[in-house]
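*Asks:* So the protein lines, in turn, are chains A and B.
Reminder that position 73 of the first sequence reads as 128 in the working numbering, one-by-one numbering, no gaps.
Reminder that position 193 of the second sequence reads as 726 in the working numbering, one-by-one numbering, no gaps.
One structure, as structure tokens, below. Some questions next.
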Amino acid sequence: MKREDWLLLFLDLPLTDDGRVRVVDPLRIQKGLFYFAQEAGMGLPSESLYGFEPYLYGPCSFDIYHDLDSLVDKGLVQRFQIEGQNWPYYGLTHGGREVTKGLRDTAEARLLEALTEIRTRVMSLSFLDLLRKVYREHGSYAVNSIIKP
Amino acid sequence: MTLILALTCPQGIVLASDSASTAETFIQETHLVTKKIFQLDDRILAAGSGTDCVTSAVRSRLEELAKANQLRGNSLKEIQARVAKGAHEAAKAARDLWLPPLGDEKRDPPVSEFVVCGYHVENPWVLEIHRNGTVAPREKEGFTAIGSGDTFAYFSVANWRRWGIKMDKLDHAALVAFSLLDDAIHAAPRWLRGPVQIWMMTKPISTSAAPKIEELSKAKIDALETTYATWRTAQIDSLPGLFDAQPAPAISVPQQT
């Protein structure tokens, strides 16, 4: 599994009851894949994980932005600009969901479970609570942050 | 409409712009994405606003001067004088070539302005070149903006400074530059367009060294976008009496067919 496969799986949220696509903002994508690398990724080869550095909003991987663009170009991910929101949101296309079906069959069950749990965690917290939690647990990644939640 | 701005901080210089370019034909306007910032040599960046044919001609002239080592030397004043003269003469020549004078009409100066910035020895310099060829050094103010959208940036900078914004680090200056451009683009979407373009010039480590010059990649611009959204969201979340709360993260959109 490559790191962008885990990114696709992170975005693979079930459709809503009325068939709408659930989408995720870039901060939660960054923090979710950071937790995945820190908590579940021990022992995985480096090409399976994103590397993070302390940035203006805590841990950040510029490679995630690069891969999101690449997945948008491949037609697997769609970028949504939602009226009144400060940032773009990302969700899987129909093609992206087809790809993740195959990825689920090959991914290690333990890692899939961990990714799902982490995604639930970062999606259930408010924006500032999520930052507080990340900074409290991984203070060394908060040194360049402009926000002290 | 264009917005180009330069910010200085102890760690270096940030030069940033929008990407809008408009070509007008008889029947419609065509909006194009254009690069407005260019590197002249290993110590100097420049950016221009105005008609494309004029800014292209000025860029070519300044690049010729750089190639001929005319932008090197001990005297910063001489370098700046060559830059200003070259830019103004090239702008006038391009204007007269593409828009020839009618008879003996009195001509206004070409509609183009430039910001040129760099390091001379270890000292930052920022020069604004006006459409009539006059210049204004801006490194002491630490900020300048040109283009017809400059008012947006002047207003925002005055506002941030009133509240004591810190720009000690180059990353912070880049974030402020992004915020000024992003706000202006959202305020005037008909005329200003993304993506935001940002170049950073890091202060040289010695008198003989050149500054490090970097054009921020799309990934780094996206990271600044997330940071600015984080900044705004933190403000909104802390002022529930004034703003509607941010929606829960479970946002959904219609599926594409």
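Even glycine gets a Cβ: it sits at the ideal position worked out from N, Cα and C.
Keep in mind the model is a prediction, meaning the values are calculated, not measured.
Helix, strand or coil: which one does DSSP assign to F117 of chain A?
*Replies:* For the purposes of this step, residue 117 of chain A is identified with residue 62 of the first sequence, where counting begins at 1. Residue state, collapsed to three classes: helix.
*Asks:* Check each candidate in A:R191, A:D60, A:L68 and A:V78 and name the one with the smallest Cα separation from R134 of chain A.
*Replies:* As a position in the first sequence, residue 134 of chain A is number 79, starting the count at 1. Of the listed residues, the one whose Cα sits closest to R134 of chain A is A:V78.
*Asks:* Less than 7 Å between C-beta atoms, sequence neighbours within five positions excluded: which residues of the same chain meet that for G130 of chain A?
*Replies:* Indexing the first sequence from 1 puts residue 130 of chain A at position 75. Around G130 of chain A: T148 and G150.
*Asks:* Sorted by chain position, which residues of the same chain lie with C-beta nearer than 7 Å to P543 of chain B's C-beta, five sequence neighbours on each side aside?
*Replies:* Taking the second sequence and counting its residues from 1, one reaches residue 543 of chain B at position 10. So the list reads D701, once near-sequence residues are dropped.
*Asks:* Does the beta carbon of W724 of chain B come closer than 8 Å to any beta carbon on chain A?
*Replies:* In the second sequence, residue 724 of chain B corresponds to position 191, counting from 1. It does not: the Cβ of W724 of chain B has no partner Cβ on chain A nearer than 8 Å.
*Asks:* In chain B, what lies closer than 7 Å to F117 of chain A by C-beta?
*Replies:* In the first sequence, residue 117 of chain A corresponds to position 62, counting from 1. What F117 of chain A touches in chain B: A752, K753 and A756.
*Asks:* Could you name the residues of the same chain whose beta carbon sits closer than 7 Å to that of D60 of chain A, not counting the 5 residues immediately before and after it, in chain order?
*Replies:* If you number the first sequence from 1, residue 60 of chain A lands on position 5. Taken in chain order, the residues that qualify are L158.
*Asks:* How big is the Cα-Cα spacing for V142 of chain A and S741 of chain B?
*Replies:* Here residue 142 of chain A is taken as the residue at index 87 of the first sequence, counted from 1. Here residue 741 of chain B is taken as the residue at index 208 of the second sequence, counted from 1. Correcting the residue type first, residue 142 of chain A is Trp in the shown sequence and not Val. Cα-Cα distance, rounded: 42 Å.
*Asks:* In three-state DSSP terms, what is F91 of chain A?
*Replies:* Counted from its first residue, the first sequence places residue 91 of chain A at position 36. In this structure, F91 of chain A counts as helix in the three-state DSSP scheme.
*Asks:* Apart from the five residues just before and just after K57 of chain A, which ones in its own chain have a Cβ nearer than 7 Å to its Cβ?
*Replies:* Working through the first sequence from its first residue, we reach residue 57 of chain A at position 2. Same-chain partners within the cutoff: E102 and S103.
*Asks:* Helix, strand or coil for H719 of chain B, going by three-state DSSP, please let me know.
*Replies:* Numbered from 1 along the second sequence, position 186 holds the residue referred to as residue 719 of chain B. Looking at H719 of chain B - three-state DSSP - the assignment turns out to be helix.
*Asks:* Given that Q788 of chain B touches chain A, what residues does it touch there, using C-beta distances under 8 Å?
*Replies:* By one-based count along the second sequence, residue 788 of chain B stands at place 255. Within chain A, the residues near Q788 of chain B are L70, G74, R75, V76 and H149.
*Asks:* What's the C-alpha gap between V547 of chain B and T161 of chain A?
*Replies:* Here the question's residue 547 of chain B lines up with position 14 in the second sequence. Here the question's residue 161 of chain A lines up with position 106 in the first sequence. Cα-Cα distance, rounded: 46 Å.
*Asks:* On the premise that S582 of chain B lies in contact with I679 of chain B, defined as a C-beta separation below 8 Å, what is that separation, rounded to the nearest angstrom?
*Replies:* Residue mapping note: residue 679 of chain B aligns to position 146 of the second sequence, counting from 1. Residue mapping note: residue 582 of chain B aligns to position 49 of the second sequence, counting from 1. Sure, about 5 Å apart at Cβ, within 8 Å.
*Asks:* Spatial neighbours of T584 of chain B within its chain, please: C-beta separation below 7 Å, excluding the five flanking residues on both sides.
*Replies:* As a working mapping, residue 584 of chain B is identified with position 51 in the second sequence. Contacts found: V644 and S645.
*Asks:* Closer than 7 Å, Cβ to Cβ, to anything on chain A: give me those residues from the region 707-724 of chain B, in chain order.
*Replies:* If the cut-off is 7 Å between Cβ atoms, the region 707-724 of chain B has L708 near chain A.
*Asks:* Would you mind stating whether L68 of chain A and L170 of chain A have Cβ atoms separated by less than 8 Å?
*Replies:* On the first sequence, position 13 is the one that residue 68 of chain A refers to. On the first sequence, position 115 is the one that residue 170 of chain A refers to. No, they are not a contact pair.
*Asks:* Under 8 Å between C-beta atoms, does Y120 of chain A make it to chain B?
*Replies:* Locating residue 120 of chain A in the first sequence gives position 65, where the first residue counts as 1. At least one chain B Cβ lies under 8 Å of Y120 of chain A.
*Asks:* Are the CB atoms of V132 of chain A and Y145 of chain A within a distance shorter than 8 Å?
*Replies:* In the first sequence, the residue the question calls residue 145 of chain A occupies position 90. In the first sequence, the residue the question calls residue 132 of chain A occupies position 77. Closer than 8 Å, so yes.
*Asks:* Answer yes if the region 613-633 of chain B comes into contact with the region 592-604 of chain B, meaning at least three C-beta pairs across the two stretches below 8 Å, and no otherwise.
*Replies:* A contact exists between the region 592-604 of chain B and the region 613-633 of chain B.
*Asks:* Note down, in chain order, all residues in the region 125-148 of chain A with a beta-carbon under 7 Å from any beta-carbon belonging to chain B.
*Replies:* Result list: Q133, F135, I137, N141, W142, Y144, G146 and T148.
*Asks:* Select from the region 758-778 of chain B all residues with a C-beta closer than 7 Å to any C-beta belonging to chain A, and list them in chain order.
*Replies:* Residues passing the 7 Å Cβ filter: E758, T759, T760, A762, T763, W764, R765, T766, A767 and D770.
*Asks:* Within 8 Å, do at least three Cβ pairs link the region 668-676 of chain B to the region 628-642 of chain B?
*Replies:* In short, these stretches do not touch, since the Cβ pair count stays below three.
*Asks:* Specify, as a first and last residue, the run of the beta strand (DSSP E) that Q613 of chain B falls within.
*Replies:* Within the second sequence, residue 613 of chain B is the residue found at index 80, counting from 1. No beta strand (DSSP E) contains Q613 of chain B, which is instead part of the alpha helix (DSSP H) from L609 to W631.
*Asks:* Is there at least one Cβ from chain A nearer than 8 Å to D704 of chain B's Cβ?
*Replies:* On the second sequence, position 171 is the one that residue 704 of chain B refers to. For D704 of chain B, the answer is yes, since a Cβ of chain A falls inside 8 Å of its Cβ.
*Asks:* Could you please give the first and the last residue of the uninterrupted alpha helix (DSSP H) stretch that includes L538 of chain B?
*Replies:* Here residue 538 of chain B is taken as the residue at index 5 of the second sequence, counted from 1. No alpha helix (DSSP H) holds L538 of chain B; the beta strand (DSSP E) holding it covers I537 to C542.
*Asks:* Ignoring anything shorter than 4 residues, give me the alpha helix (DSSP H) runs that lie fully in the region 692-749 of chain B, in order along the chain.
*Replies:* Runs found: 703-720.
*Asks:* Identify each residue in the region 81-96 of chain A for which the Cβ-Cβ distance to at least one residue of chain B is less than 8 Å, and report them in chain order.
*Replies:* Those residues of the region 81-96 of chain A that come within reach of chain B (Cβ to Cβ, closer than 8 Å) are P81, L82, R83 and Q85.
*Asks:* Within its chain, find whatever has a CB closer than 8 Å to the CB of V177 of chain A; leave out the 5 residues flanking it on each side and keep chain order.
*Replies:* For the purposes of this step, residue 177 of chain A is taken as residue 122 along the first sequence, with counting starting at 1. Excluding positions up to five away in sequence, the list reads R83, K86, G87, Y90 and L185.
*Asks:* Nearer than 7 Å: is that true of the beta carbon of N656 of chain B relative to any heavy atom of the ligand MN?
*Replies:* This structure lacks the ligand MN, and indeed carries no ligand of any kind.
*Asks:* So, under 8 Å CB-CB, P109 of chain A and A197 of chain A are touching, yes? Tell me the CB distance rounded to an integer number of Å.
*Replies:* For the purposes of this step, residue 109 of chain A is identified with residue 54 of the first sequence, where counting begins at 1. For the purposes of this step, residue 197 of chain A is identified with residue 142 of the first sequence, where counting begins at 1. The Cβ separation is near 7 Å, so the contact holds.
*Asks:* Look at the alpha carbon of V76 of chain A and the alpha carbon of P787 of chain B, and state the distance between them as a whole number of angstroms.
*Replies:* Counting from one through the first sequence, the residue named residue 76 of chain A turns up at place 21. Counting from one through the second sequence, the residue named residue 787 of chain B turns up at place 254. Their backbone Cα atoms lie some 6 Å apart in a straight line.
*Asks:* Using a C-beta cutoff of 8 Å, does Y112 of chain A count as contacting chain B?
*Replies:* On the first sequence, residue 112 of chain A is found 57 positions in, with the first residue counted as 1. Taking Cβ atoms only, chain B reaches closer than 8 Å to Y112 of chain A, which makes this a yes.
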